[in-house]
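The structure appears right after this line, and notes come after that.
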Amino acid sequence: MILAAGSGTRMGGEIPKQFLPILGVPVLIRSVRAFDRCHSIDEIVIVTRESDIQTVEALCQEYGVSPKLKRVIAGGATRQKSAFLGVEAASKNCRFVAIHDAARCLITPEIVVSVLKEAYRHRAATAVYPIPDTVKRVDRRGRIKETLDRNELVAAATPQAFDRDYYIAVAAYAEKKETAVTDDNALFEAVGQTVYTVDCGGDNFKITTPGDLVRAEAALRARGEKETGK
Ligand code: CTP
Ligand code: MG
Numbered sequence: 008m009i010l011a012a013g014s015g016t017r018m019g020g021e022i023p024k025q026f027l028p029i030l031g032v033p034v035l036i037r038s039v040r041a042f043d044r045c046h047s048i049d050e051i052v053i054v055t056r057e058s059d060i061q062t063v064e065a066l067c068q069e070y071g072v073s074p075k076l077k078r079v080i081a082g083g084a085t086r087q088k089s090a091f092l093g094v095e096a097a098s099k100n101c102r103f104v105a106i107h108d109a110a111r112c113l114i115t116p117e118i119v120v121s122v123l124k125e126a127y128r129h130r131a132a133t134a135v136y137p138i139p140d141t142v143k144r145v146d147r148r149g150r151i152k153e154t155l156d157r158n159e160l161v162a163a164a165t166p167q168a169f170d171r172d173y174y175i176a177v178a179a180y181a182e183k184k185e186t187a188v189t190d191d192n193a194l195f196e197a198v199g200q201t202v203y204t205v206d207c208g209g210d211n212f213k214i215t216t217p218g219d220l221v222r223a224e225a226a227l228r229a230r231g232e233k234e235t236g237k
């Protein structure tokens, strides 16, 4: 599932961030390509805003996305809802799902494989990366209360991969209990289930603010990519 149904408030601007070009290729297409090129992926579902469905279909055609792309569907008001709708839309015989933020467009097929492998073993796994900063807990007035142990902290990234039936059961239960979460792992935490982690490296950051566009282009150039337009 490639989640692209957000409106990119923190990015600002007219065009939603999933359609902005990074070295000439839209953010969404970069994410879709990594899954398209990944041999562990059989089918792709893109979740987008209802009004963007046609735009997404046209982009996928323009950039030559393969027949692995099964459906482009409308998402929900929250990421949680969009993820659930995407997982439900997968083919019946699909046993494992990987949920990915379209905005993490520096994702590679290798990372997808390593997260899936961990999910095959443990039913639930997620990409994470180490936090370079020392993180403090502060009170409401901004006074430091404690320094968190950096060895125990990671940033949650995507893909997050799950046994599909297990995910649907957990997500449905969390919804019934009205548990609101910002990532799919938190659903599992909320019901006391374990999610395993895979270090994907800090390059798999999420495009959130305008500065991230520059950072993403720099990271791609460091990988040897040039401005292409296709
Ligand atoms: N997303 C989604 N459905 C939503 C909200 C978010 O599919 N209702 C997707 C976004 O398109 C993005 C990913 O989830 O690829 C991570 O969300 P985020 O980075 O927060 O994107 P936006 O919600 O678009 O940005 P913002 O929070 O700044 O508005
Ligand atoms: Mg958001």
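Just so we're aligned, residue 8 is where the sequence shown starts under this note's numbering, counting upward by one. In this text, a Cβ means the ideal position worked out from N, Cα and C, and glycines have one as well. Remember, predicted model here, so these are calculated numbers, not experimental data.
Contacting residues, own chain, Cβ-Cβ under 6 angstroms from residue i (five flanking each side not counted)
{"i": "Lys143", "result": "Ile151, Thr154"}
{"i": "Tyr70", "result": "Ile36"}
{"i": "Leu194", "result": "Val177, Ala178, Ala181, Val188"}
{"i": "Ser89", "result": "Leu10, Ala12, Val54, Gly82, Gly83"}
{"i": "Ala197", "result": "Ala181, Thr186"}
{"i": "Gly15", "result": "Pro23, Lys24"}
{"i": "Pro74", "result": "none"}
Same chain, Cβ closer than 7 angstroms to residue i, neighbours up to 5 away in sequence not counted
{"i": "Ser38", "result": "Ile9, His107, Ala109, Arg111, Cys112, Ile114"}
{"i": "Asp146", "result": "Lys152"}
{"i": "Ala162", "result": "Val135, Tyr136, Ile138"}
{"i": "Ile214", "result": "Lys24, Val34, Ala110, Cys112, Leu220, Ala223"}
{"i": "Gly208", "result": "Tyr136"}
Boundaries (first-last residue) of the alpha helix (DSSP H) holding residue i
{"i": "Lys213", "result": "From DSSP, Lys213 is part of no alpha helix (DSSP H); its letter is neither H nor E."}
{"i": "Lys88", "result": "86 to 96"}
{"i": "Phe239", "result": "In this structure the chain extends from 8 to 237, so residue 239 is not present and cannot be described."}
{"i": "Arg37", "result": "34 to 43"}
Cβ-Cβ separation, residue j to residue i (assumed contact under 8 angstroms), whole Å
{"i": "Val72", "j": "Asp43", "result": "6 angstroms"}
{"i": "Arg56", "j": "Ala12", "result": "5 angstroms"}
{"i": "Pro33", "j": "Leu76", "result": "Not confirmed; about 15 angstroms, so no contact."}
{"i": "Ala105", "j": "Pro166", "result": "4 angstroms"}
{"i": "Ile175", "j": "Val122", "result": "19 angstroms between Cβ atoms; not a contact."}
{"i": "Arg102", "j": "Asp170", "result": "7 angstroms"}
{"i": "Ser98", "j": "Glu50", "result": "6 angstroms"}
{"i": "Arg157", "j": "Thr141", "result": "6 angstroms"}
Limits of the beta strand (DSSP E) - the one that residue i falls within
{"i": "Lys143", "result": "143 to 145"}
{"i": "Thr133", "result": "131 to 137"}
{"i": "Ile151", "result": "151 to 154"}
Opposing strand residues paired with residue i [DSSP bridges]
{"i": "Ile167", "result": "The identity of residue 167 in the sequence shown is Gln, whereas the question assumes Ile. According to DSSP, Gln167 bridges with Ile106, Thr133."}
{"i": "Thr201", "result": "Partner(s): none; Thr201 has no beta bridge."}
{"i": "Ala81", "result": "Thr55"}
{"i": "Ala11", "result": "Thr55"}
{"i": "Val72", "result": "Bridge partners of Val72: none, in fact."}
{"i": "Thr49", "result": "Note that residue 49 is Asp in the sequence shown here, rather than Thr. Answer is none; Asp49 lacks a bridge partner."}
{"i": "Val161", "result": "Pro137"}
{"i": "Asp206", "result": "Val135"}
Same chain, Cβ closer than 8 angstroms to residue i, five either side skipped, listed in chain order
{"i": "Leu92", "result": "Val54, Ile80, Ala81, Gly82, Gly83"}
{"i": "Arg78", "result": "Val52, Ile53, Ala96"}
{"i": "Ser226", "result": "Rather than Ser, the amino acid found at residue 226 in this sequence is Ala. Hits under 8 angstroms: Leu113, Asp210."}
{"i": "Ile46", "result": "The sequence shown places His at residue 46, rather than the Ile named in the question. Closer than 8 angstroms at Cβ, skipping near neighbours: Pro116, Val120."}
{"i": "Thr85", "result": "Ala187"}
{"i": "Glu224", "result": "Ile29, Leu30"}
{"i": "Thr235", "result": "Leu30, Gly31, Val32"}
{"i": "Gly19", "result": "Pro217"}
Proximity test, residue i beta-carbon vs the ligand ATP heavy atom, cut-off 7 angstroms
{"i": "Gly13", "result": "The ligand ATP is not among the ligands present in this structure, which contains only the ligand CTP and the ligand MG."}
Query raised in the report: How do the region 120 to 133 and the region 194 to 212 stand: do at least 3 beta-carbon pairs fall below 8 angstroms, yes or no?
Result: yes
Query raised in the report: Counting Cβ pairs, one atom from each stretch, are 3 or more of them under 8 angstroms apart for the region 18 to 26 and the region 208 to 223?
Result: Remark: three or more beta-carbon pairs, one from each stretch, lie closer than 8 angstroms, so the region 18 to 26 and the region 208 to 223 are flagged as touching.
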